[in-house]
Amino acid sequence: MCKSEKYILDSSFDPDKFLADITAAKAAVGEATEEDATHMQRIVFISQVLLYGGHALLLVSAAMSWGALTVATCFVGACMISFARCMKWAIIGHHVCHGGFDKLQKSHPNVLPSHYKRGVFAIGARRFFDWLDWMLPQAWDVEHNKAHHYYLSEEKDPDLVESNFESVRVAALPKALKYMNMIVWLFIWKLAYYSPNTFKELVLSKKEGWMARNWPKGCKPTDPVIVLHALRMPVEALLTGRVQDSIFWLVFFAQWFGVILPMMASVALPAAWPLVLAYVGHWPGATSPREAAVRLLAASVVADMLSNAHSFIIITCNHSGGDLYRYSTSCKAFSAEFFLRCAYSSANFECGNDLVDITYGWLNYQVEHHMYPDLTPLQYRKLQPLVKSVCKKHGVMYVQQNALTRTWKMFQVAVGDAQMKRCTALVPPEAYAKKEIGVEDVSSR
């Protein structure tokens, strides 16, 4: 538990003026325009070129005789696929599923395809065309858009690294082994952690559903669910006589397997190309179809591992580090306390142009994104210097560092070499001067 009875700002801080300045900064950015739509279409086009171009390079490399050029061609193709997959999640799916283009769809209904809308994009069959990844988009919406954003760095935040890695932090293992464990997570985290955990949040959100009503009493709903639990949970429950819990976990992971099956097929699909071409008599390669299939499968797995590593570096460190805060209370959305927590519990990276922003998956605007989750990428670029200026004016912490620096800080928290700062809330009650405090106890949620 995050137990604390302290406030970070003193009573002289004026939350009303800070709130007014943040609101004014948002107003100064203005509404999304056709420029935002054109920009998103350009990002989608780049992702498609990278995705299909990467697969083409993999196929070419598989047909070539083994050598340095073959390896280089294969690696470039894998990197292109990796980058495209990261773009489809971090930039396209992320902003569309937050509703960043919903208002634009109403004011300019023909500037973007109609499915670029929250609740439509990547839902159902559209998942295969818009954003196919290890996570189910509906599950990610519950876990990220709702729980993470509105319980940021609280006990109920499902992305709280310090809590999720508690077993690693307290384990009596050499520190070198703990850091090696983090390197492993770097390459497999979406399948091994994020996919089953977002699915857990989805089933728990359906209060009247069978799984929500029968959630095992010995398992805290806030504890992470990882892929290793697929074997451990049902076996452990069965060995301790909890047959119903064992059945529960078998059903849970069977349904989750249905979530990841399309992505498994997507990763394996390239291996079928040389076999199909050989079957119809058109395999042009210098290698055998079987050898080419093995190469393509290995390259496709590498591409997915690289995408995991890329997304891990730009995502998991956003709200973790020994210099960031966690809270023992909740706060009202869009209050002064809420906006302050976005700054005190988030870290931005370098930002300002398409090359940098696309490389970072537009996750280099975390402070601004948590303040206003439903903006377009270009709106965040305009808002960032304004928010940074407001924070400086009011003496509010504003963290902006390189992603690798932030990843190292996150690693330190995950292995127990550092811990996040604790507080009850940021603004002390007396600073509100008899106005509504904007802070409520976690238990009241």
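If you read the sequence shown in my numbering, its first letter stands for residue 32, the second for the next number, and so on. Where a beta carbon is used, it is the ideal one built from N, C-alpha and C, also for glycine. In this text the structure is predicted, and so the values were computed from the model without any measurement.
Practice task
Evaluate MET166 with the Cβ neighbour count: other Cβ atoms within 10 Å of its Cβ, from every protein chain shown; 16 or more gives buried, anything less gives exposed.
Solution key: MET166 comes out buried.
Practice task
For the alpha helix (DSSP H) containing LYS248, list its first residue and its last residue.
Solution key: No alpha helix (DSSP H) contains LYS248, which DSSP labels as neither H nor E.
Exercise for the section: Give every residue of the same chain whose Cβ lies closer than 7 angstroms to the Cβ of TYR38, excluding the five residues on either side of it in the sequence, and list them in chain order. Expected result: Counting only Cβ-Cβ distances below 7 angstroms, and skipping sequence neighbours, we find CYS454, THR455, ALA456, LEU457, VAL458 and PRO459.
Problem - Residue interval of the alpha helix (DSSP H) (run including GLN83) - result: In the sequence as displayed, the identity of residue 83 is Tyr instead of Gln. For TYR83, the enclosing alpha helix (DSSP H) starts and ends at 65-94.
Handout entry: Inter-residue spacing [alpha-carbon to alpha-carbon] between PHE159 and PHE152
Key = Rounded to the nearest angstrom, the gap between the Cα atoms of PHE159 and PHE152 is 10 angstroms.
Handout entry: Inter-residue Cα distance where the pair is SER96 and GLN415
Key = C-alpha separation (whole angstroms): 50 angstroms.
Problem - TYR210, enclosing alpha helix (DSSP H) - first and last residue - result: Taken as a continuous stretch (DSSP letters only), the alpha helix (DSSP H) holding TYR210 covers 206-220.
Exercise for the section: Label TRP280 either buried or exposed according to how many other C-beta atoms from any shown protein chain fall within 10 Å of its C-beta, with 16 as the threshold for buried. Expected result: By the 10 Å Cβ count, TRP280 comes out buried.
Exercise for the section: Starting from ASN379, follow its DSSP beta bridges and name the residues at the other end. Expected result: In DSSP, ASN379 forms a bridge with GLN431.
Practice task
Leaving aside the five residues before and after LYS48 along the sequence, list all residues of the same chain whose C-beta is less than 6 angstroms from its C-beta, in chain order.
Solution key: Contacts found: none.
Practice task
Using a threshold of 9 angstroms, state whether the C-beta atoms of GLY447 and LYS209 are closer than that.
Solution key: In contact: GLY447 and LYS209 (Cβ atoms closer than 9 angstroms).
Exercise for the section: Consult DSSP for LYS148 and reduce its assignment to one of helix, strand or coil. Expected result: DSSP places LYS148 in coil when its eight states are reduced to three.
Handout entry: Rounded C-alpha distance that separates THR101 from VAL107
Key = THR101 and VAL107: Cα-Cα distance of roughly 10 angstroms.
Problem - ASP472 - DSSP class collapsed to helix/strand/coil - result: Below a pLDDT of 50, predicted positions are generally treated as unreliable, and ASP472, at 45, falls in that range; no measurement from the model is reported.
Handout entry: Coil, strand or helix - TYR356 by DSSP
Key = The DSSP-derived three-state label of TYR356 is strand.
Exercise for the section: With DSSP as the reference, please indicate the residues paired to ARG372 in a beta bridge. Expected result: Beta-bridge partners assigned by DSSP to ARG372: none are found.
Problem - Selected residue, minimal CA-CA separation from HIS86, among GLY353, GLN169 and VAL332 - result: Measuring from the Cα of HIS86, the nearest candidate turns out to be VAL332.
Handout entry: Exposure of LEU90, with buried meaning 16 or more beta-carbon neighbours within 10 Å
Key = Buried is the call here.
Handout entry: CA nearest to the CA of ILE123, picked from PRO140, ASN141, ALA103 and HIS146
Key = The residue with the shortest Cα to Cα distance from ILE123 is HIS146.
Practice task
Taking only the alpha-carbon atoms, compute the straight-line gap between LYS187 and ASP254 and give it to the nearest angstrom.
Solution key: Each residue's Cα considered, the two are about 10 angstroms apart.
Exercise for the section: Evaluate PHE230 with the Cβ neighbour count: other Cβ atoms within 10 Å of its Cβ, from every protein chain shown; 16 or more gives buried, anything less gives exposed. Expected result: The C-beta of PHE230 has 16 or more other C-beta atoms within 10 Å across all chains shown, which makes the residue buried.
Handout entry: ALA456 - partner residues in DSSP beta bridges
Key = According to DSSP, residue pairing for ALA456 in a beta bridge involves TYR38.
Handout entry: For CYS362, three-class secondary structure by DSSP
Key = Note: CYS362 maps to strand in three-state DSSP.
Exercise for the section: Inspect the beta-carbon positions of ASN339 and TRP246 and report whether they are closer than 9 angstroms. Expected result: No.
Practice task
Measure the C-alpha to C-alpha separation of THR318 and TRP304 and round it to an integer number of angstroms.
Solution key: When only Cα atoms are considered, THR318 and TRP304 end up about 13 angstroms apart.
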